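Residue numbers in the sequence shown follow numbering that gives the first Met the number 0, run continuously in steps of one, and reach 202 at the last position.
The beta-carbon is built from N, C-alpha and C at its ideal position, and this holds for glycine as well.
This one's a predicted model, so the numbers in the text were calculated from it and none came from an experiment.
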Amino acid sequence: MNAYHQEQIEAFKMVSRHLESHPSDRRDLWALTADYRRFRAEVASFLSAHFSKICTQTCYQNRLSACCSREGIITFFADVVVNVLVSSSRQIEDLITHLREPNTGFKCVYLAENGCRWKLKPIVCEMFLCDRAQHTVMADNPNLLGHWAQLEEKRKRYTWPDQPVLFDKLEAHFITAGFRSTLMYLHTSPGLLKVKQKAGLID
Ligand code: SF4
């Protein structure tokens, strides 16, 4: 098992065990993430309406699946928290079991026959549109381009720490409870810490 698998397993175990033993925390975080979950539903509905056809043809029928062909996709700690909140214990156990098995292919470890094993996939994956898909669907459609740009802007309100954002709050919640994870990039990445510092959010 490599370091990537190990850090993913640790994050999933840490979050799921903590939320199982602290139901009031689970309730608080469910409420805290409500607006973000609505945003994710909005993105999913946009992608399903405009991209599902081309993505199915290009990636699944031709077996390219370029979006999921990287072995170590970036997952934020907040991605893990939200996915644990929306998943059953059994679904998280299955994810962990799968992470313990050797990944013999050149695809993402989370990619299964029927798609991603996450119930609510990482934000980086959800909002990745390859050049070909973007060009085919949006090149001559300024309305769609505008809508996508709005969704990208909204995404920043949850993830980009030049203001207080959900992804930072979720990490802080677990840090206060005594946990640390290498996936807590909003508290450890020099680049993101600089963004927070510039915005006056930290010294
Ligand atoms: S986490 Fe899921 S969506 Fe993201 S690259 Fe892996 S299989 Fe694809």
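With distance defined between alpha-carbon atoms, name the residue in the options nearest to residue i.
| i | options | result |
| --- | --- | --- |
| M126 | W29, A30, V42 | V42 |
| F153 | M0, A40, D130, F11 | Inspection of the sequence shows that residue 153 is occupied by Lys rather than by Phe. K153 has its Cα closest to that of A40, out of M0, A40, D130, F11. |
| C115 | P101, C129, D130, D93 | D93 |
| S15 | L110, I53, I95, D139 | I95 |
| V79 | F38, G177, H17, G199 | H17 |
| C124 | Q149, L46, W29, M0 | L46 |
| S68 | S188, S87, R37, V108 | V108 |
| H172 | Y3, H4, W29, A2 | W29 |
| S86 | Q196, R25, C66, C54 | R25 |
Thinking C-beta only, is residue j closer than 8 Å to residue i?
| i | j | result |
| --- | --- | --- |
| V83 | T32 | no |
| I8 | L98 | yes |
| F75 | P121 | yes |
| Y35 | L128 | no |
| L192 | D167 | no |
| P163 | L200 | yes |
| M0 | F178 | no |
How would you label residue i, buried or exposed, when you count the other beta carbons within 10 angstroms and need 16 or more for buried?
| i | result |
| --- | --- |
| A77 | buried |
| E209 | As displayed, the chain neither begins before 0 nor continues past 202, which places residue 209 out of reach and without an answer. |
| H21 | exposed |
| A10 | buried |
| M183 | buried |
| K195 | buried |
Query - Touching by the beta-carbon criterion (3+ pairs, under 8 Å), the segment 128 to 140 and the segment 157 to 177 - result: no
Query raised in the report: Which residues, in chain order, sit with a beta-carbon under 5 Å away from any heavy atom of the ligand SF4?
Result: C67, I72, C107, Y109, L110, C115, K120, C124
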